[in-house]
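The sequence shown: position 126 = 125 (numbering that gives the first Met the number 0), numbered continuously. Below: the structure, in structure tokens.
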Amino acid sequence: MITAGARTAALALLALALARCADAGPAPSLATCRDGVRQNPESLESYACFRSAAHFDGSFEEAAAQLRAILQRNPGNVLAGLVLADLDGDRGPGREDAYREVADRAAAKNDRATEALALIKLSSVLLRRQRANDAESCLERARAAAAAAGSYWPAAVETAGSRIAYTRGDYAQAMILLRNAESRLFPDAPADLRASWLGALGATSWSLAHMTDADAAYRRQAKLLHDAGDRFEESMALVD
């Protein structure tokens with residue numbers, strides 16, 4: 000977990016960490032991302048490709064423009080909206096209204112999984128702004144959406160809840176929430192949710208002075224992201 004203050008310093012080390020990811024294969028291009036969306040328009044990974052490509056070739060404006068074009072053609076495309084909100088947040092503090100709009104549109108479509116994910120991401124934005132109480136309120140709605148979505152989503156919300164406990168310095172409670180979520184995320188939840196859990200475990204273990212456990216968690220996180228082909232997030236895990 001990278002705090003707001005640490006993130007700037009971490010990004011300064013990003014180029015070094017990327018060198019360790021060189022064998023992950025070629026970075027995606029915007030052209031391959033467009034092909035992916037055409038082939039799998041209902042997959043979040045198809046749209047996340049634009050974010051990954053932007054980080055590796057600097058095409059932030061082009062990637063954002065292409066996501067906006069998708070949204071112009073289909074304003075109800077909550078997956079494109081979610082990734083656009085992520086991409087905007089990568090270059091700034093993050094727009095609360097963007098995630099709220101995605102959550103509301105997803106709820107209107109009865110897409111409770113995307114609603115839950117958008118609210119989890121919104122809670123992270125609020126935490127970075129030192130608004131833990133607002134983040135907690137946000138997760139209350141996320142819990143309802145996650146319960147309706149079922150599967151691993153309630154555990155994903157618990158992972159987000161652990162970050163609130165961590166921010167408040169309640170590392171023991173953070174660890175309890177993480178352990179409660181673990182068996183519902185592993186081994187079958189999407190890689191990004193498992194990676195988020197491992198990042199939270201690493202940060203919490205470190206704060207509890209469990210240095211070996213923290214190192215193991217971060218290494219597992221980096222390997223998981225490497226295997227998933229997410230080179231940017233892998234490099235951030237290596238920076239941790």
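Ideal Cβ placement from N, Cα and C applies to all residues, glycine included.
Measuring only the C-alpha atoms, how far is residue i from residue j?
| i | j | result |
| --- | --- | --- |
| Gln129 | Ala164 | 13 angstroms |
| Asn132 | Arg94 | 18 angstroms |
| Ile69 | Gly160 | 32 angstroms |
| Met210 | Gly198 | 14 angstroms |
| Arg167 | Ser136 | 15 angstroms |
| Ser150 | Asp169 | 27 angstroms |
Run through DSSP, which three-state label would residue i get?
| i | result |
| --- | --- |
| Gly88 | helix |
| Lys108 | coil |
| Gly35 | helix |
| His225 | helix |
| Ser195 | helix |
| His209 | coil |
Identify, in the order they occur along the chain, each residue of the same chain with its Cβ nearer than 6 angstroms to the Cβ of residue i, setting aside the five sequence neighbours on each side.
| i | result |
| --- | --- |
| Glu114 | Ala102, Ala105, Ala106, Ala144 |
Counting contacts by CB-CB distance shorter than 8 angstroms, is residue i in contact with chain C?
| i | result |
| --- | --- |
| Ser206 | The structure shown contains no chain C; it is built from a single protein chain. |
I think residue i touches residue j, with their Cβ atoms under 8 angstroms apart; what is that distance to the nearest whole Å?
| i | j | result |
| --- | --- | --- |
| Leu83 | Arg99 | Not confirmed; about 14 angstroms, so no contact. |
| Ala216 | Leu200 | 4 angstroms |
| Arg90 | Phe59 | 6 angstroms |
| Ser28 | Val36 | With a Cβ gap of about 13 angstroms, Ser28 and Val36 do not count as contacting. |
| Ala53 | Ala64 | Not really, about 11 angstroms apart at Cβ, beyond 8 angstroms. |
Applying the criterion that 16 or more other CB atoms from any shown protein chain within 10 Å of the CB defines a buried residue, is residue i buried or exposed?
| i | result |
| --- | --- |
| Met174 | buried |
| Gln71 | exposed |
| Glu139 | exposed |
| Asp110 | buried |
| Gly80 | buried |
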